[in-house]
Structures are given as structure tokens and as C-alpha cells.
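Residue numbers (numbering that gives the first Met the number 0), protein chains in the order written: chain A, 0 to 546; chain B, 0 to 358. For every residue, glycine included, the Cβ atom is placed at its ideal position computed from N, Cα and C. Fair warning: this is a prediction, and the values are worked out from it, not measured in the lab. To start, the structure under review is shown below, and the notes come after it.
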Amino acid sequence: MLTLIRGGRVVDPTAGRDAVGDVWIEDGRIVAPSQRAPDSTVDATGCVVMAGGVEVHSHIAGGNVNMSRLLLPDLYASEAAPEGHPFAHAGGSAAWIGANYARMGYTTAVEPAMPPANALSTQLELADIPLLDRGALAVLGNDDQLLELLRQREGANAVRDLVALNVATSRALGVKCINAGGASAFKDGVLKLSLDDEIPVYGLSTRKIMTALLDAVEEIGVPHPLHVHCNNLGIPGADDSFVATMEAAEGRRIHFAHAQFYAYAVSDPSDPSVGGFRSAAARIAEAMEKHPNATYDVGQVAFGQTVTISLDILRQFAGRKGANPKKWILTAGDAEGGGVVPFLYKPRGAVSSLQWAIGLELMLLSGDPERTILTTDHPNGGPFTEYPRIIHWLMDKEARDREIASLHAVIGERSGLGAIEREYTLSEIAQLTRSGPAKLLGLTDRGHLREGARADVAVYRDDRDRTAMFARAKLVFKDGQVVVEDGEVVSWRSGHTLALSVESDRAMEKRTDAYLVDRFGAGLDSFAVPDEAFSTPDAFEDVACLA
Amino acid sequence: MAAWVKGGATDADAAIKAAADLLAGARTPVFAGLNADVAALRAAYGLAGVIGASLDSVAAPALYAELGVLSRAGAMLTTAAEAVGRADVVLVIGSAPWDRPIVAEIAAAAPRRGRAAGSERTLLSLGSPSNGATRHVSYPVEDGGLAVSIAHLRAFAKGNLSGEAAYADLARRLAAARFGVVLYEPAEVGELGVEMLQGLVKDLNETTRFFALPIADPFQGRALVQLSAWTTGQAPRTGFGRSLPEHDPWRFDSERQVRAGEADAVVWLATLPAPRPDWLGSVPSVAIVGEGGTDATGDAAEVVIAVGVPGESAGGTLWDERRGTLGYRAAAGQPAALTAAAVLDAIRAHLTVKDLAAC
């Protein structure tokens, strides 16, 4: 079927497009303008047409996400379901996640923290998120098998083979490390870890583990660079960890998760233990200019109640005493740890206000929005449903100033946000939410509207109230089919889970199987994510490695 | 494949249609048992959502000893593999864990990973049976039972009680652990006991690393919790009577619903062995049970459909207790003609909005 989206303002920065024009769709793909009469025409006059949004870092599935639902079942409200999906109005459920992303015009989302030991559970849950294509990153960097291999100096090929095996077995889209070595160190009594601190027992450091993973990801040809959650998240001086980690990459591709939580310079360098923190956004922006190999997602804070979810058990253990309400779950898992700690970002609190300002400051100082990805690290900084408001603040200095005026004065004292005049353009928003994240994930078939792209398209009514505009898309196409009209889901279809197509080494399979049997009483088979486990036969779609 | 309607043997299609007819006429249907693989549980939630049913698990007593505490106070947990591989001190609470293989596995091994590697493992017990088969240091339970005993132990560990009582010695041993684990069966310890135990573990973590390892129920309750959490955003028990998933442990207790006369139809889903409740026959019921099992008979319910047993005559995703997560188990033998998920989906396909009883 040939569909024409006619007369909208087409915004596709990858093609230099920002003008009124047409978009043609056929067989689930963007096609060149056709001489044939379209079977269907959408009048997009007065609308903005963009590629479907792409999410790179949102905690939407997995054991800790489920733990958060059990710990704080009242975080989301459930509403009576109208006709349609029976679970989409169940607050916080997989169907709710899919529906709410789709309403905003998002069509792809990635869960960034899948421990390979729990891959099947995470993948089953992802497969139940409707409307979106999904993916998950395998978390490595704390598992005994890997650390032992590094301790024994078995070499880069062995690390590569183990990483490839984990990616293949868990059917991941990429690789992440979270405070590499931190969970292992925590189990052995360590409470603070920096880049070159020794990991007890193994004699390694975060630097050694991370650089081994950086090399392995390059060797395998994983399209998405190593996704790195640095040491010392959230503490004054975390900017030092961030910049040191960036330099440790030594030019290799690296993605930094939720940079806002690291853009905290100590307020009083003469005595870092007092005075809290001030914005290090300018320092981070400067470092990014010097390191074109690096990207980051923001981890913007939104005000209100949330629950923080992280495999960084060191951080979550430290944060447990700030839990609000006062309850939390920590799990010393098989490799990674895990922590679920409720948190209230107080609307007029000094710390929360400053965090909010730093996230916006980071984005507004960015010299390259395509390397600056919009996230809230859902739900750690706040829910992903806050994206429209965040976009509004980025695009509207006046709205931003109004918000600043309603918040704590610390914003003026410890951040540079108030002085920034910049307003994001629609093209820059598309870079922040479409082309940037798609490029980062190595998904060349999305994030743009060029010929051959997947027909994931969002049509928004152009409205100066950018919150209203981006909260409820006028139309959303997924693979060429309309799934959202006027902000409501009209067609419940399932997307695919994107999994990297990677060969694993037979010798490493055999060796790992023996290791797992010894440790878990069950071999590699029990860690598998087979098609037979899924209710839909085509739950997965292969993504090729880089040549 | 075997199926019965009102005691008479029939084919699958007729039984599925009879089940659909039975549910179409029900105003307050209930799913109970739920001892099945994840695909079947998922299909049960899908069908319940369509017909406005509630769902309850035969594992509920064990689940509720934990779930209330989890949402009220949280927890500090670890896995069986970490307990076996890292723990230098393991405290076993009560008698139920001793019936599970994990105690013998822990007792037979010493720490191999982490800072306690190479040291001896100390096995401690509170209120254990005195079977003498496994070497351990035993501490008696106090008169008030396990929950009160744990409370006293916590008081000693925290320094709120002092002296030379046996629990003072036990508290010192726990505090000296480098990687300690407390093993317990939630239903035996009870909700108050679990909350006190989690408090003890959290207190111990002020100075060392100590984690809880609750033993899973044998009825796929943990698989159900995962499925329920991602499907409805909440734990079971769940009702769909008002077109949204509502979590209510009291209201959607299937036994209470049947005995109170609220439920007018029951779907008993147990493709793995589970004790069939005596109240099942008191309301019109559908039983979807494992082929070859003791309940695969014509008198088990008004409609009985025997299907593949996950891991035996059907593939299926099940809770793997040793690994503490979901794992796929292929059929070990000849696959059965039908799976529970397929039957539930077929019932759902028979039911259309016009068939459902008017509210």
C-alpha cells in the first residue's frame, strides 16, 4: 500500500530537511516520491513530520524493574481500560510502557541493563511491550568468569569470545558495563570505587575491566559502542570520574550513560567533603568537544516521586539512607548487584533543582546534539513521559525562565542555566531524540526519513506549546501502519526485539558450559533465550555486526 | 490428549467449547492454581482480562509471607549460587529449608569466590530439626515461635539486648561473617518473621555483607509474580472485574471467593502437580491439568482438559529455583498434542463480547 503524508513540515536533519514537503511510505519503508496515486493520503498541513523516536536508555524490563513494581506498587495509577489492550492502562506495566512511548511518537526503546544470567526473563518481558521495537544491552564487568579470565591475563581474544558468547546467548543488542568491578567489590566489603582502585580478590581495576570490554566490543563489531555507567555516580566530584573514564577510552568509541548524574563538581575544592556540588556541565561539554569518540545520554531529572533502579549496587547501597519512602531492595546477584531505592525529587528542593538545571544545561551547552541523547534514565531521573516538557524547556527560553523562577535559587548560584539564551530548533530536537540515538545504536534503518528507512514516522501538530505537541502525536506510523491517532493507540501490534547477530566461539562455549555447570549446576542451555519460549514466533529481528 | 465434559470423555474442541460456554455465562469467574509455565500464565492473564476474572495462586501463602514485607520494608537478597560460592556463614531458619537440596549443597561446599574464599563455612541453625545428618551449630527456637526468636536475635545483633544468652553468641557469629546468608522458607517464618529477618539483615549490613535467601515455593509462584508484575504492574492476586487490573490479596483469595459464594465459575490451572482444593467441585469449573497426572480424570471438574506437562511432554518456561530466575525447559519426552497456553487461547478465541454475560 502506498501512503502519502502530504504538506507537513518535514524535519530530518540527516538529510538537511526542514521544510514543508511530503513523505511517501510503501511496504513498511520510506520510498521516493511516486508518480502513482497513493492508496492513502494523510493531510499533514500545519504538522511537523519526524522519524519515530528512539530511546537508548530506559529501564523498562528485567528483574529489578519488577522489583520496583513490587516495592512501590502505588507509583503509577491504573485507569479503567477502554476497548483495546486489557493491560495498557495498568500503570507501569509492559503494555503501559509501549503505549506511552507510542503516544509520544517513539517507536524503538532499549533496556540498558540485562544481566546475562537473567536474560530470558528480561527478554520475555520486553517481548510483551507492544508497539515498539525493543532491545537490551548485556551487562558485563562484574562476573567471576570474566574477572577470573582477566586476572589470569588470558588475552584479548578470550575476552572477545566470552563477550560474544554472552551477547549471543542473551540475544542482546549491545554491551554495557556498570561501575565495572563495583558489584564484585561491594560483595567483598568495598563501599567506594574509583577508576584505578583495586578490585579485591582479582587485583583488577575498573579501568582494566572497562578497557578490555571496549576492545572486545570493537573486535566483535558491535554497532553500539560500549555503554558505560562510570564509578561514583551522583556524588560531588563525579565529574572527575566521568572525564577520567572518557580519557581512559583513548579514542575508542564509548557511550556514557546518564551524564547528568556525573556533572557534579565539588563546590569547595579545598574541602570536598563539605558544601555539596555545583554544575560541571561546562566541563563535561568541553570534554565532549575534545573527544568526538564519545556520546552520552542525559538522565534529566523531573520532579516528583520515582523509584531508582540500578545494577550499581555500590551506589544504591550508599543511597539507601536517602530512600523516600524509607524502604529499598538490594540484591547481591550472580554477577551484577541490583538496587531499587524510591526517591522523591522535591520540586523546590535545592539538590533536586540543581540536578534539574544541570541536565538542561548539559543539553543546551552541547555542540553536537547528535551525540547528546535525551533520556531521564527512566525511572531514575523521572519517568520517560516527561520528555515533552523537557523538549519544551529546551525550545523555549521564556518557559525555561518561568520554571527557573519557581525553583530554588541555587540554580542561579551553582549552574549557568539562567544565562543560556539558546533555544533548540526542531532539527536539533530530532537529533536529540531520533537521528542521534539511532546512529548510536547502529540502527541505520531508523532515526531518519530518507529513502529505504523503516516507516516509523511521527506526525505532530505544530504548536508553540511544545509539551502538548510532543505528548500526543497526531499520528504515529510503525512499519508503515498507523498505531496512534490523536494521542491514542488505535492498533495494537507487536514490534520486534532487536538482537545482534553474532557468532560465538565453540571452544569458549564448551569452556563456559563447564564453568556454569560447576557454579550453577546447569550449563549454557539453561541460560538460553530460545524462540520456543515466546508466544509470538517472530519476536526477534537480527541486527548485523559491523563489517 | 484427553478431555472430559461432565464426566464423559470427549475431544479437545468439544471440551474447549464447553469451557468457553461455561465461562461465557459466568459473572465472577476465578482462575486458581496457576501452577504452570509462563506461556500458560500469560494466556490465563489474557483470558482473565477479557472476561473480567480474578486470578489466584496455590502458592499464595508463601508469596504473601514475602510480598507484603517487600512493599512495606524492602529486602536484601542474594542468589543460591552466590550463597554456595561465597558465604562463610549461613544461618538456616526453621525446619522447612532442610527438606530442600540447597542446605546439603551449602553444607558440602566451602567459599570459593570473594574475600571468604579458602575459609571454612560455618553452618548455623535456628529452630532446625535435630536430624544430625549435617554438621551445624544449632540454636533453639524460643517459646514465642520463629518470629519472636528472630526478633530477639535482632535485638542482640543490634545491641538492644546484651548478656550471655545463646542468641548473643549467635548474633556475634553473624556479625563476624564476611559474606553471610540467612536461608528461610517464607511461609514457615511468616510475614512478621520475614519482616524482622529482613530488618536483621539490613542491620548486619551496617558493618559487613549479609543477605537473605528465601526458598521458592514449589508451585511456580515466583514465575507468576514476575509475569504478573510486568503484565499488570502489580503482584498477584489480581482481579479484572472492573476493566482494570486490581491487586487485592483479600478480595481475590480464590478460596474465600468460592466459599463466600462470590465466584460462579472456576478455572483450575495446574499443569504441574498441585493440591486440588476441595471447593473446586462446589462451583462450575474447568480444570486444565497435566497429562498423566492424578487430576487428569473426568471427575476433577465439569470440564477437564489434559495438556502437556512443561519440561516433560511440553516445552515451557519455568522458575528455576537453583538459578533463581526463569529458564526454558524443552520437552523431555514425546510432546503432547496441546499445551495449556494453546487451550486458554482457544477458549479466548471462542469468547466474544456478545457471549459474555451482561453486567
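Whole angstroms are fine: how far does the CA of A/Ala14 sit from the CA of A/Val227? 30 Å
Thinking just about the alpha-carbon of each residue, which of A/Val53, A/Asn141 and A/Ala126 is nearest to the one in A/Asp530? A/Ala126
State yes or no: is the beta carbon of B/Pro217 nearer than 8 Å to at least one beta carbon in chain A? no
By DSSP, does A/His228 sit in helix, in strand, or in coil? strand
CB-CB length for A/Val10 against A/Asp17, believed under 8 Å: 5 Å
What residue does the alpha helix (DSSP H) around B/Ala49 start on, and which one ends it? Position check: residue 49 of chain B holds Val in this sequence, whereas Ala was assumed. Per DSSP, B/Val49 belongs to the alpha helix (DSSP H) from Val37 to Ile50.
List the DSSP bridge partners of B/Asp319. B/Thr324
Neighbourhood of B/Arg321 by C-beta, 6 Å cutoff - its chain only, sequence neighbours within 5 removed: Ala79
Enumerate in chain order the residues of its own chain whose CB-to-CB distance from B/Gly326 is below 6 Å, with the five nearest sequence positions on each side excluded. Asp319
Determine whether the Cβ of A/Trp327 lies closer than 8 Å to any Cβ atom of chain C. This model lacks chain C altogether; the protein chains it does include are A and B.
Contact list for the stretch 241 to 264 of chain B against chain A, Cβ threshold 7 Å: Arg241, Ser242, Leu243, Pro244 and His246
Beta-carbon proximity of A/Phe255 to A/Phe241, cut-off 8 Å: yes
Between A/Pro111 and chain B, is the shortest Cβ-Cβ distance under 8 Å, so that the two count as touching? no
Neighbour flag for B/Ala19 against chain A, beta carbons, 8 Å: no
At what residues does the alpha helix (DSSP H) containing A/Lys509 begin and finish? Arg505 to Phe519
Provide the residue(s) that pair with A/Asn165 in DSSP beta bridges, ordered along the chain. A/Asn165 pairs with nothing; no bridge assigned.
In three-state terms, what does DSSP make of A/Met394? helix
Look up A/Ile177 in the DSSP assignment and say whether it is helix, strand or coil. strand
Cβ neighbour criterion (16 or more within 10 Å) applied to A/Met0: exposed
Using a Cβ-Cβ distance cut-off of 8 Å, determine whether A/Glu124 contacts chain B. yes
In whole angstroms, give me the CA-to-CA distance for A/Gly348 and A/Gly321. 14 Å
Which whole-angstrom value describes the C-beta separation of B/Arg75 and A/Leu329, a residue pair presumed to lie in contact below a C-beta threshold of 8 Å? The question names Arg, but residue 75 of chain B in the sequence shown is Met. Indeed they touch by this definition, with Cβ atoms about 5 Å apart.
On the premise that A/Asp461 lies in contact with A/Cys46, defined as a C-beta separation below 8 Å, what is that separation, rounded to the nearest angstrom? 6 Å
On the three-state DSSP scale, how would you describe B/Trp97? helix
Measuring alpha carbon to alpha carbon, tell me which residue in A/Val516, A/Thr375, A/Asp517 and A/Asn117 is nearest A/Tyr295. A/Thr375
Identify which residue in B/Arg111, B/Gly45 and B/Ala299 has its Cα closest to the Cα of A/Asp517. B/Arg111
Does the distance from the C-beta atom of A/Ala141 to that of A/Glu335 stay below 8 Å? Here residue 141 of chain A is Asn; the residue named in the question, Ala, does not match the sequence. For A/Asn141 and A/Glu335, yes; Cβs fall inside 8 Å.
Of the choices B/Gly158, B/Glu245 and B/Val303, whose alpha-carbon is the least far from that of A/Gly90? B/Glu245
Beta-bridge partners of A/Ser278, as assigned by DSSP: A/Tyr263
For B/Thr9, collect the residues of the same chain with a Cβ closer than 7 Å to its Cβ; drop the 5 residues on either side in sequence, then sort them by chain order. Ala2 and Trp3
Going by CA-CA distance only, name the one from A/Glu360, A/Val265, A/Pro72 and A/Val216 that's closest to A/Asn165. A/Val216
Give, in chain order, every residue of the stretch 40 to 53 of chain B whose Cβ lies closer than 9 Å to some Cβ of chain A. Arg41, Ala42, Tyr44, Gly45, Ala47, Gly48 and Val49
Nearest-angstrom Cβ-Cβ length linking A/Leu363 and A/Ile419, presumed shorter than 8 Å: 5 Å
Taking all protein chains shown into account, do 16 or more other C-beta atoms lie within 10 angstroms of the C-beta of B/Ser281, making it buried, or fewer, making it exposed? exposed
Buried or exposed, going by whether 16 or more other CB atoms sit within 10 Å of the CB of A/Ser67? buried
Chain A beta carbons: is any one of them nearer than 8 Å to that of B/Phe178? yes
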